[in-house]
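**Student:**
Residue numbers (full-length UniProt numbering): 1 to 125.
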(Lines of atoms letter the chains of each structure in order from A; the text may use other names.)
(Lines give C-alpha, C1' and ligand atoms only; values in the text may rest on other atoms or scores of the structure.)
Protein backbone atom coordinates (compact mmCIF):
# COMPACT_ATOMS: atom_id res chain seq x y z
CA UNK A 1 0.00 0.00 0.00
CA UNK A 2 1.37 3.40 -0.91
CA UNK A 3 1.68 6.39 1.40
CA UNK A 4 -0.77 8.26 -0.83
CA UNK A 5 -3.40 5.53 -0.53
CA UNK A 6 -2.94 5.32 3.24
CA UNK A 7 -3.39 9.09 3.56
CA UNK A 8 -6.48 8.96 1.36
CA UNK A 9 -7.94 6.12 3.44
CA UNK A 10 -7.18 8.07 6.63
CA UNK A 11 -9.04 11.07 5.21
CA UNK A 12 -11.97 8.90 4.12
CA UNK A 13 -12.24 7.14 7.50
CA UNK A 14 -12.02 10.51 9.26
CA UNK A 15 -14.69 12.11 7.08
CA UNK A 16 -16.98 9.10 7.47
CA UNK A 17 -16.37 9.16 11.22
CA UNK A 18 -17.54 12.76 11.41
CA UNK A 19 -20.61 12.03 9.32
CA UNK A 20 -21.53 8.77 11.05
CA UNK A 21 -20.86 10.25 14.49
CA UNK A 22 -23.00 13.32 13.81
CA UNK A 23 -25.79 11.19 12.36
CA UNK A 24 -25.69 8.95 15.43
CA UNK A 25 -25.64 11.85 17.87
CA UNK A 26 -28.44 13.79 16.21
CA UNK A 27 -30.47 11.68 13.82
CA UNK A 28 -30.32 8.33 15.59
CA UNK A 29 -29.87 9.29 19.22
CA UNK A 30 -33.44 8.53 20.35
CA UNK A 31 -33.48 5.18 18.57
CA UNK A 32 -30.01 4.23 19.87
CA UNK A 33 -30.89 5.24 23.43
CA UNK A 34 -34.20 3.35 23.27
CA UNK A 35 -32.37 0.20 22.20
CA UNK A 36 -29.57 0.74 24.73
CA UNK A 37 -27.01 0.95 21.91
CA UNK A 38 -25.91 4.61 22.06
CA UNK A 39 -22.66 3.85 23.90
CA UNK A 40 -21.92 0.96 21.53
CA UNK A 41 -22.37 3.30 18.57
CA UNK A 42 -20.05 5.86 20.17
CA UNK A 43 -17.44 3.13 20.71
CA UNK A 44 -17.56 2.25 17.02
CA UNK A 45 -17.11 5.89 16.01
CA UNK A 46 -14.29 6.42 18.52
CA UNK A 47 -12.28 3.43 17.32
CA UNK A 48 -12.81 4.50 13.72
CA UNK A 49 -11.42 7.95 14.59
CA UNK A 50 -8.47 6.58 16.55
CA UNK A 51 -7.45 4.50 13.58
CA UNK A 52 -8.08 7.24 11.04
CA UNK A 53 -5.60 9.39 12.96
CA UNK A 54 -3.19 6.48 13.34
CA UNK A 55 -3.41 5.82 9.58
CA UNK A 56 -2.62 9.47 8.97
CA UNK A 57 0.57 9.14 11.02
CA UNK A 58 1.52 5.87 9.29
CA UNK A 59 0.95 7.42 5.86
CA UNK A 60 3.21 10.33 6.73
CA UNK A 61 5.86 7.99 8.13
CA UNK A 62 5.75 5.80 5.02
CA UNK A 63 6.11 8.90 2.84
CA UNK A 64 9.22 9.91 4.79
CA UNK A 65 10.61 6.35 5.12
CA UNK A 66 9.40 4.40 2.06
CA UNK A 67 11.72 1.53 2.97
CA UNK A 68 9.38 0.66 5.87
CA UNK A 69 7.16 -1.45 3.62
CA UNK A 70 5.60 -3.27 6.58
CA UNK A 71 3.67 -0.05 7.25
CA UNK A 72 1.48 -1.08 4.33
CA UNK A 73 0.61 -4.21 6.29
CA UNK A 74 -0.23 -2.05 9.30
CA UNK A 75 -2.59 -0.01 7.14
CA UNK A 76 -4.33 -3.11 5.73
CA UNK A 77 -4.76 -4.58 9.21
CA UNK A 78 -6.19 -1.35 10.59
CA UNK A 79 -8.48 -0.84 7.61
CA UNK A 80 -9.79 -4.39 7.95
CA UNK A 81 -10.07 -3.95 11.71
CA UNK A 82 -12.11 -0.77 11.40
CA UNK A 83 -14.37 -2.30 8.78
CA UNK A 84 -15.00 -5.41 10.87
CA UNK A 85 -14.94 -3.89 14.39
CA UNK A 86 -16.71 -0.59 13.83
CA UNK A 87 -18.73 -1.89 10.90
CA UNK A 88 -20.17 -4.80 12.87
CA UNK A 89 -21.04 -2.49 15.75
CA UNK A 90 -22.77 -0.04 13.39
CA UNK A 91 -24.81 -2.86 11.87
CA UNK A 92 -25.60 -4.26 15.32
CA UNK A 93 -26.80 -0.85 16.52
CA UNK A 94 -28.91 -0.18 13.44
CA UNK A 95 -30.42 -3.64 12.95
CA UNK A 96 -30.34 -5.29 16.36
CA UNK A 97 -28.74 -8.42 14.85
CA UNK A 98 -26.89 -9.63 17.92
CA UNK A 99 -25.07 -12.46 16.11
CA UNK A 100 -22.71 -9.79 14.76
CA UNK A 101 -21.29 -9.53 18.24
CA UNK A 102 -19.35 -12.69 17.42
CA UNK A 103 -17.62 -10.94 14.50
CA UNK A 104 -16.61 -7.79 16.37
CA UNK A 105 -13.66 -9.38 18.24
CA UNK A 106 -12.12 -10.40 14.90
CA UNK A 107 -11.95 -6.72 14.05
CA UNK A 108 -10.36 -6.05 17.41
CA UNK A 109 -7.73 -8.70 16.74
CA UNK A 110 -6.94 -7.07 13.39
CA UNK A 111 -6.53 -3.70 15.10
CA UNK A 112 -4.21 -5.16 17.73
CA UNK A 113 -2.24 -7.02 15.05
CA UNK A 114 -1.72 -3.73 13.23
CA UNK A 115 -0.27 -2.16 16.36
CA UNK A 116 2.05 -5.14 16.83
CA UNK A 117 3.28 -4.91 13.24
CA UNK A 118 3.86 -1.18 13.83
CA UNK A 119 5.84 -2.04 16.96
CA UNK A 120 8.05 -4.35 14.90
CA UNK A 121 8.40 -1.80 12.09
CA UNK A 122 9.49 0.85 14.58
CA UNK A 123 12.69 -1.09 15.17
CA UNK A 124 13.87 0.16 11.78
CA UNK A 125 13.13 3.86 12.23
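Idealized CB from N, CA, C, for every residue including glycine.
Pair every Cβ in the stretch 23–35 with every Cβ in the stretch 76–84, then say whether three or more of these pairs are closer than 8 Å.
**Tutor:** In short, these stretches do not touch, since the Cβ pair count stays below three.
**Student:** According to DSSP, is residue 79 part of a helix, a strand, or is it coil?
**Tutor:** DSSP places residue 79 in helix when its eight states are reduced to three.
**Student:** Relative to the C-alpha of residue 51, which candidate in 62, 123, 124 and 110 has its C-alpha closest?
**Tutor:** Of the candidates 62, 123, 124 and 110, the one whose C-alpha sits nearest the C-alpha of residue 51 is 110.
**Student:** Which residue marks the beginning of the alpha helix (DSSP H) containing residue 30, and which one marks its end?
**Tutor:** First-last of the alpha helix (DSSP H) with residue 30: 29–34.
**Student:** If you reduce the DSSP assignment to three classes, tell me which class residue 66 lands in.
**Tutor:** Residue 66 falls in the coil class under three-state DSSP.
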